[in-house]
Structure formats: structure tokens, C-alpha cells
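Down below is the structure, laid out as C-alpha cells.
Numbering (the working numbering), first residue to last: 1 to 573.
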């Protein structure tokens, strides 16, 4: 099937899913948001119970906006107005995890989702204001003004915590506010003042990427920040008749390519930090970027988000999946063949990432430091996949709870510790958190090879620790070599590999039987290989299990060395 036709089919499925949900939800009441559920976060640290109900309400808002936009039928208009009235009665639009309960003005907290809600309602006002009742449009304007625009315009730059960040928060919040003031009437003459402040925020956001374009938070957060950035950027461009064009920022040329380089063969994605191993891309955003940036490629359509892939039901992104995909399909010049490279090696020297795609094999390696956004103690960690299946994993984000984001408890959680990553223990000790615990060098002597030095990740003064990774297009084996050198006392190195596949040990060989291939890990020299089964809570609060594969090497003549040879053997159906 041609790629262009695949996009068309996906677009039709997107619209069909929304139509189906409209029939399912038309006579259903919105979930109730109770004070009891809201306070669970403060009392127990649980976020998921309240958030599930909150985002289900946003699903209703999305569904009935779209069917009203497409059909203009009275039954949908009535339902949409009921949803808007209910959302405007919410005590706060912010999530419990982002609200300071000690403040009297907590109703007016501007977090990601409060800003998104304001943007969504303002957008609805813009597109449907002429067919909604005057009472409904007045309620939209009143609530967006009182909850978001007024608190924002009456504060100084930096008052809101997110204005001091350079990650997805500043993009989503600022872009949402900027979008809202462009959609609503400028009755109070504050639009230009807010737009100037929003542009300052977005310049800071773009400056938060490494020079080579990496989003250290991972692809999911890249998508989140970018869909709001470009959503606002396009509105601003149209509002100023092209005079203010944020697309021309040269830094974006590298940044936008990050998405396609996050995909491993078969659709797995790089899950460093709080990333996801099977993340999905936004088709609307990707169609837009394809039309604006040279070298940008839309990933295979099988890996695009469906309407409810995003359980937060982000309104601006769904609107892009409607309008921007439709525009893309109308332009016949977009009908072109997508070339697949059999071997690709990408080195992000500043961010200290390396990515290999070799046939069906995918490999990603990171250096960096242990104080990165959504940090895990994971310097030297790698991910190994084959044809859409992860064999040696990075678990990515765990369940978001109160403890997950507290400095004194974050690194007691399995996902965030180095023991849950493919990195060794030194004298039985894990890596430490903080920016001084880092990778000292990350170099590529030749295409397909990376050498890194990362002893500083462990805080030991008297050692050197090197990792050498080689993956070439013509070789059967991937080679991973760890070398520990000590200047005085004796040290031990415990190799630690993490997998979702139950291992089988045969002498010095570790076997991982996947669905499509067998991974053989040959360990140099005879070692006692131990297997530990560990259970943890994933991002959705569901318990999963993984296996740790561990084996030791003590220093001899002040150094020790472990070499692994990894090879995939495709299964014959």
C-alpha cells in the first residue's frame, strides 16, 4: 500500500473512532470529580484515580467538539454545551499533583492541564461560537479570563514555576495561553502584552534542547511540547499575516529530526529517562513538519497515534490530527516514496546519545549525567531490539506518584535506579544522582563504534570505567566491552542486564527467546551467571516483571574486563 494512501486510511479511522464514541457517550453522564478523589494525592500519593476521571471528561469534550464541528446537529450542540458547563464548574482545572493546597488561590493554579483546558474552550469558542448559545460562550470567556488569562497577565514573568523551566511545561502552558488569547476577543487590550511574554517562554523552550536537537525527556515529551509550540506558532503566523514566523528559528532544523531518530526497526522507541518503549507519533504534527522542514520524515503509519492512544485527550493535538492531516492529503506533492535505510548510525555528541538501525536490529546508547530532566541513574545504559521487540530494555517511566517526584524517594523506586538499567555495579554499588555523576567522554572513533568513560557516575575516585560498543552493518555480532581500571585497591565489576524475556542459561551463553528471533549473548570466560526476577509498577500502575542477569569480574593486576558478543538468530515461521 502506498504511504499516502495509508495516511488517508488512518485519517478515516481517526474520524470513525470519534463518530463511534459520540454514539457511545451521547446519553452518558460525565464522570464525577469528588473532593475525596482529589485529596488522594495529598493523603496517599496516588494520582491515577482522580486523573482517570479528569481525562475521561476531556475525552467527552474532544468527541463532542468534533462531531459538532463536522455535523452542526442540535443534539451534539446540546451535549457539548452540557460538557462545557460541567467543566466550567470544576473547582480547579489543574491536577492535584500540581496544586499547592496551602494557597487560597489554588483554584487559579495554571498547570499543564489548566492551560490546555483554557486553550480547548477558547478554540471551541472560535470554531463554534456562532452556533453555541450566548450563555455558553459567555461562560467560556468568563472562565478562561478568570482562571487563566487574568492570573497570568497580573503576574510578573517567572511567577509561575513553569516559566523558569525549559522543558515541555513552558511550551504547553505558554502556547496554550497564547493560543487562547488569539482565539478570544481582546476586550481588555492585553493580547500583545501576553504574546510578547509567550514568545519569551518559547525561546527558552527551544533553548532547552541540546544543540544537536535531542529532547532529554524522551520522544513522548518531545511530542507534547512540539504539538503545542507549533500549534501556537501557526496561529501567530496567521494572526500577523506571516510577519511573526517562529518556524524560521534555525535551531528547529535539528530538533524536528529527533522524532524519526527515536524509532528503532519495527516500531520500538528509545525509552531513556521517562520515555516509552512503544511510543507513538502524532500524525497531524508530523504532516505539518513534513511540509515545513527539509529532511523530516514521517515514520511508518503503523506507529501513529489513534484517537485514544493519548489517554489525556489533548485537544490541540487532536485538532491538528484533523485539520493538518486533511491539508496534507489535499496536497498531491506529498505523495512520494519513503526510502528505508538498511543501516543508519546517528551520534548525538552533545547529548551523548548514539542510535543504530541495522536491518531489523535496533540499538541505542546514552551517556549524559544523572541530573537530566525526568532523570534516571542510567549513564552507559543501552536498549537492544529486533523487529519491534525489546530484548535488553530500559523500562522508561514508572507510575507517577508523589514519591516519584521527591528527591529523597525518587531513587528508591526501581525504574529510576541504575539497577533497573543495563549498566554494571561497582563493588556492589549503583550509580548516584546529581549532575556531578556523569559521563566524562562519549566519542565515535569510526561509524558504528562508540567509546565512553563513565566512572564518575559511581562517585569512586580511584577507578576508570570504560564502555566500548560496536555495531557495524557487515558484522553478525554486536560487541559490548566494559573495562574497569583501579589505581590502588581491589574492585569488583558486576555486569547487570535487564530483560522482559525470561532468560535461559547454557554454560557461558545467555539465551533470550523472543517472538521473532533468538538473542544469544556470549560471555567471555566462564562466569557464575545469576538471574533475579523483579516486579515493578509501570506508568499505568500495572505490575510488570523483568529479569536481571548478573555476573561478576574482579580486578586482576589493577583491572578487569568483560566482553559480550550479542547476535540475533531470526526464527523461521
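Glycine residues also receive a C-beta, built at the ideal position from the N, C-alpha and C atoms.
Measure from the alpha carbon of residue i to the alpha carbon of each residue in the options, then state which is nearest.
| i | options | result |
| --- | --- | --- |
| residue 487 | 509, 169, 460 | 460 |
| residue 499 | 236, 80, 549, 369 | 549 |
| residue 367 | 342, 273, 291 | 273 |
| residue 67 | 21, 230, 28 | 21 |
| residue 307 | 557, 284, 154 | 284 |
| residue 568 | 410, 373, 514 | 514 |
| residue 346 | 446, 72, 475 | 446 |
| residue 492 | 502, 464, 468 | 464 |
| residue 168 | 212, 56, 333, 223 | 223 |
| residue 46 | 484, 485, 401 | 401 |
| residue 404 | 331, 41, 319 | 41 |
| residue 26 | 38, 311, 54, 83 | 83 |
| residue 52 | 65, 64, 37 | 37 |
| residue 412 | 398, 424, 241, 504 | 398 |
| residue 251 | 325, 204, 134 | 204 |
| residue 378 | 489, 529, 393, 388 | 393 |
| residue 277 | 264, 289, 286 | 264 |
| residue 161 | 173, 31, 71 | 173 |
| residue 546 | 539, 533, 557 | 533 |
| residue 335 | 349, 287, 344 | 287 |
| residue 407 | 376, 430, 420 | 376 |
| residue 34 | 322, 49, 231 | 49 |
| residue 410 | 432, 424, 427 | 432 |
| residue 7 | 330, 395, 19 | 330 |
| residue 150 | 105, 112, 113, 130 | 105 |
| residue 114 | 55, 69, 70 | 55 |
| residue 57 | 2, 4, 556, 30 | 30 |
| residue 374 | 480, 221, 420 | 221 |
| residue 540 | 321, 186, 354, 396 | 396 |
Quick check: the Cα distance between residue i and residue j, rounded to an integer number of angstroms?
| i | j | result |
| --- | --- | --- |
| residue 551 | residue 97 | 40 angstroms |
| residue 507 | residue 526 | 8 angstroms |
| residue 315 | residue 62 | 6 angstroms |
| residue 494 | residue 235 | 54 angstroms |
| residue 384 | residue 497 | 11 angstroms |
| residue 77 | residue 239 | 28 angstroms |
| residue 470 | residue 352 | 16 angstroms |
| residue 544 | residue 519 | 21 angstroms |
| residue 417 | residue 382 | 14 angstroms |
| residue 256 | residue 10 | 22 angstroms |
| residue 502 | residue 326 | 45 angstroms |
| residue 14 | residue 333 | 23 angstroms |
| residue 102 | residue 152 | 20 angstroms |
| residue 245 | residue 155 | 27 angstroms |
| residue 75 | residue 128 | 14 angstroms |
| residue 585 | residue 454 | There is no way to answer for residue 585, as the model of the chain reaches only from 1 to 573. |
| residue 188 | residue 195 | 14 angstroms |
| residue 372 | residue 254 | 20 angstroms |
| residue 279 | residue 12 | 22 angstroms |
| residue 388 | residue 193 | 48 angstroms |
| residue 296 | residue 32 | 43 angstroms |
| residue 563 | residue 524 | 6 angstroms |
Can you give me the Cβ contacts of residue i inside the same chain, cut-off strictly under 7 angstroms, excluding the 5 residues immediately before and after it?
| i | result |
| --- | --- |
| residue 184 | 122, 125, 141, 144 |
| residue 207 | 166 |
| residue 197 | 157 |
| residue 228 | 171, 172, 175, 176, 316 |
| residue 81 | 132, 133, 136 |
Just checking my contact of residue i with residue j at CB under 8 angstroms: how many whole Å lie between their CB atoms?
| i | j | result |
| --- | --- | --- |
| residue 215 | residue 139 | That pair is no contact at about 37 angstroms. |
| residue 440 | residue 456 | 6 angstroms |
| residue 176 | residue 119 | 4 angstroms |
| residue 328 | residue 303 | Not confirmed; about 17 angstroms, so no contact. |
| residue 414 | residue 536 | 4 angstroms |
| residue 59 | residue 313 | 5 angstroms |
| residue 516 | residue 386 | 6 angstroms |
Between residue i and the rest of its own chain, which residues show a CB-CB distance below 8 angstroms, the 5 nearest in sequence each way excluded?
| i | result |
| --- | --- |
| residue 107 | 91, 92, 147 |
| residue 342 | 358, 359, 473 |
| residue 489 | 462 |
| residue 528 | 551, 552 |
| residue 191 | 181, 182 |
Please return the same chain residues whose Cβ sits closer than 6 angstroms to the Cβ of residue i, not counting the five positions on each side in sequence.
| i | result |
| --- | --- |
| residue 369 | 435, 438 |
| residue 451 | 443, 468 |
| residue 262 | 219, 269, 270 |
| residue 566 | 478, 521 |
| residue 348 | 212, 214 |
| residue 449 | 470 |
Are there any heavy atoms of the ligand NAP lying less than 7 angstroms away from the beta-carbon of residue i, as far as the coordinates show?
| i | result |
| --- | --- |
| residue 174 | This structure does not include the ligand NAP; it has no bound ligands of any sort. |
Could you tell me whether the stretch 357-373 touches the stretch 268-275, using the rule of 3 or more Cβ pairs below 8 angstroms?
Yes, the stretch 357-373 is in contact with the stretch 268-275.
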